[in-house]
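Asks: This is the structure I want to talk about, given as structure tokens.
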Amino acid sequence: MSEEFKIEIVNPEKSFLSKEDVIEVIVPAFEGEMGILKDHISIISFLKPGIVTIRSNSGEDKFYVEDGIVEFKNNNLSLLTSTILNLKELQKNKIQDLLKEAEDESNKTEITDQSKYLADQKVEVLKSLN
Numbered sequence: 001m002s003e004e005f006k007i008e009i010v011n012p013e014k015s016f017l018s019k020e021d022v023i024e025v026i027v028p029a030f031e032g033e034m035g036i037l038k039d040h041i042s043i044i045s046f047l048k049p050g051i052v053t054i055r056s057n058s059g060e061d062k063f064y065v066e067d068g069i070v071e072f073k074n075n076n077l078s079l080l081t082s083t084i085l086n087l088k089e090l091q092k093n094k095i096q097d098l099l100k101e102a103e104d105e106s107n108k109t110e111i112t113d114q115s116k117y118l119a120d121q122k123v124e125v126l127k128s129l130n
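In structure tokens, the structure reads:
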């Protein structure tokens, strides 16, 4: 019996990724890191800043996301996000730029608790990539 399922990642510009040989996906949900395997219960959740790890028969891919929605239903995983970057293609100076932006956002005096939480999450993830 096959252990594979399908993933599709979409951002505002295009369909970013579509794979049908996925074995496991780990997403940074607000509830915590969530591992998804074939036949997982149906879910809808929000993504927080973090790393999406996709393990498939063709290898492992990692992506940085800042926000979005994850939905799993009938062995189809959909990620909708406004910001996604392939870690294999992400250059050190781009990480530094994103980190500076997140730190500036986090240090603003006029910031909501939710915005502060998200900015701090971005800082934590981006520092771990350095």
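Take 1 as the starting number for the sequence shown in my numbering and just add one per residue. We put the beta carbon where it would ideally sit given N, CA and C, even for glycine.
Within its chain, find whatever has a CB closer than 7 Å to the CB of Ser-106; leave out the 5 residues flanking it on each side and keep chain order.
Replies: What you label residue 106 is simply residue 106 of the sequence shown in a count that begins at 1. Excluding sequence neighbours, Ser-106 sits near Lys-116, Ala-119, Asp-120, Val-123.
Asks: Gln-114: which of Ser-58, Asp-67, Asn-74 sits nearest, CA to CA?
Replies: Taking the first residue of the sequence shown as position 1, residue 114 is located at position 114. Among Ser-58, Asp-67, Asn-74, the Cα nearest to that of Gln-114 belongs to Asp-67.
Asks: Just to confirm the assignment, what range does the beta strand (DSSP E) spanning Lys-19 have?
Replies: Here the question's residue 19 lines up with position 19 in the sequence shown. Unbroken beta strand (DSSP E) run through Lys-19: 15–29.
Asks: Measuring only the C-alpha atoms, how far is Leu-37 from Glu-3?
Replies: Numbered from its first residue, the sequence shown carries residue 37 at position 37. Numbered from its first residue, the sequence shown carries residue 3 at position 3. Between Leu-37 and Glu-3, the C-alpha separation is close to 8 Å.
Asks: Any contact between the stretch 68–88 and the stretch 32–49? By contact I mean 3 or more CB pairs, one from each, below 8 Å.
Replies: Contact between the stretch 68–88 and the stretch 32–49 is present, because at least three Cβ pairs lie under 8 Å.
Asks: Thr-53 and Ile-9 - do their beta-carbons sit closer together than 8 Å?
Replies: Looking up residue 9 in the sequence shown gives position 9. Looking up residue 53 in the sequence shown gives position 53. No, the Cβ-Cβ distance between Ile-9 and Thr-53 is not below 8 Å.
Asks: I'd like the list of long-range same chain contacts for Ala-29, defined as Cβ closer than 6 Å, with 5 residues on each side in sequence excluded.
Replies: Position 29 of the sequence shown holds residue 29. Closer than 6 Å at the Cβ level, and outside the excluded window around Ala-29, lie Ser-45.
Asks: Can you list, in chain order, the residues of its chain with a C-beta nearer than 6 Å to that of Leu-85? Leave out the 5 residues immediately preceding and following it.
Replies: The sequence position of residue 85 within the sequence shown is 85, counting from 1. Taken in chain order, the residues that qualify are Tyr-64.
Asks: Shortest alpha-carbon distance to Leu-90 belongs to which of Glu-13, Ile-51, Ser-15?
Replies: Your numbering for residue 90 matches position 90 in the sequence shown. Answer by Cα proximity: Ile-51.
Asks: Name the two residues that bound the continuous beta strand (DSSP E) containing Glu-105.
Replies: Translated into positions along the sequence shown, residue 105 becomes position 105. Taken as a continuous stretch (DSSP letters only), Glu-105 belongs to no beta strand (DSSP E), being part of the alpha helix (DSSP H) at 92–106.
Asks: With burial defined as no fewer than 16 other Cβ atoms inside 10 Å of the residue's Cβ, what is the status of Thr-81: buried or exposed?
Replies: The sequence position of residue 81 within the sequence shown is 81, counting from 1. Per the 10 Å Cβ criterion, buried.
Asks: Output the boundary residues of the beta strand (DSSP E) element that contains Leu-77.
Replies: As a first step, residue 77 must be located in the sequence shown, where it is residue number 77. From DSSP, the beta strand (DSSP E) with Leu-77 extends over 76–80.
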